[in-house]
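Sequential numbering of the sequence shown, starting at 6, is according to the working numbering.
For each residue, glycine too, the CB sits at the ideal point set by N, CA and C.
Let me begin by presenting the structure, written as structure tokens, before commenting on it.
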Amino acid sequence: MKPPSGIFPISTLYEMARIFHVDLTELLTGTSPKLHSFCLVREGEGVQVERYPGYKFESLAFNFINKKIEPLLVTVEPENQNHISLVTHDGQEFNYVLEGTIRVILGGHEIEMKRGDALYFDPAIPHGQIAVNDTAKFLTIILHK
6 MKPPSGIFPI STLYEMARIF HVDLTELLTG TSPKLHSFCL VREGEGVQVE RYPGYKFESL
66 AFNFINKKIE PLLVTVEPEN QNHISLVTHD GQEFNYVLEG TIRVILGGHE IEMKRGDALY
126 FDPAIPHGQI AVNDTAKFLT IILHK
């Protein structure tokens with residue numbers, strides 16, 4: 006399934022950043038990351054990315070330069086239940102459910118995950134997540150190639 010017209014999936018933003026040799030943070034905020042030793046992001050202070058209705062990303066290491074991974078807090082609202090956008094991208098991906106229940110579509114598999122469940126997979130396989138019943142939050146960590 007494709008996202009609504011005019012909206013880029015985050016995987017497209019990653020690809021654009023790679024092509025233009027910039028950090029994803031620069032595409033999202035207009036400024037380059039500056040920190041080398043560590044990057045502390047307090048609760049609720051990550052860079053917010055809203056790509057689809059009912060689907061929010063919060064970058065948790067946005068100001069660290071030359072990241073090898075991209076940690077994101079993902080919040081999925083239940084109104085997203087009727088539409089799941091499948092995406093693909095390079096690297097590897099890890100998802101860990103913090104709150105609620107999510108349904109993951111991964112290739113031909115449908116997996117229901119609850120708080121404390123973890124999934125590590127090849128994101129070249131078409132995948133997407135939706136909330137089941139209530140708002141769900143999960144940590145996703147994307148390893149760049």
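By how many angstroms is the C-alpha of residue j removed from the C-alpha of residue i?
| i | j | result |
| --- | --- | --- |
| residue 101 | residue 61 | 16 angstroms |
| residue 81 | residue 64 | 15 angstroms |
| residue 129 | residue 95 | 6 angstroms |
| residue 121 | residue 110 | 18 angstroms |
| residue 149 | residue 19 | 9 angstroms |
| residue 112 | residue 21 | 24 angstroms |
| residue 139 | residue 116 | 17 angstroms |
Is DSSP giving residue i helix, strand or coil here?
| i | result |
| --- | --- |
| residue 89 | coil |
| residue 128 | coil |
| residue 134 | strand |
| residue 22 | helix |
| residue 77 | strand |
Using C-beta distances below 8 angstroms, list every residue in its chain close to residue i, excluding the 5 sequence neighbours before and after it, in chain order.
| i | result |
| --- | --- |
| residue 66 | 44, 46, 72, 74, 75, 76 |
| residue 31 | 22, 37, 38 |
Take residue i and list the residues in its own chain whose beta-carbon comes closer than 7 angstroms to its own, dropping the five residues that flank it on each side.
| i | result |
| --- | --- |
| residue 53 | 61, 63 |
| residue 89 | 6, 110, 133, 135 |
| residue 17 | none |
Determine whether the beta carbon atoms of residue i and residue j lie at a separation below 8 angstroms.
| i | j | result |
| --- | --- | --- |
| residue 70 | residue 41 | yes |
| residue 103 | residue 143 | yes |
| residue 123 | residue 83 | no |
| residue 99 | residue 34 | no |
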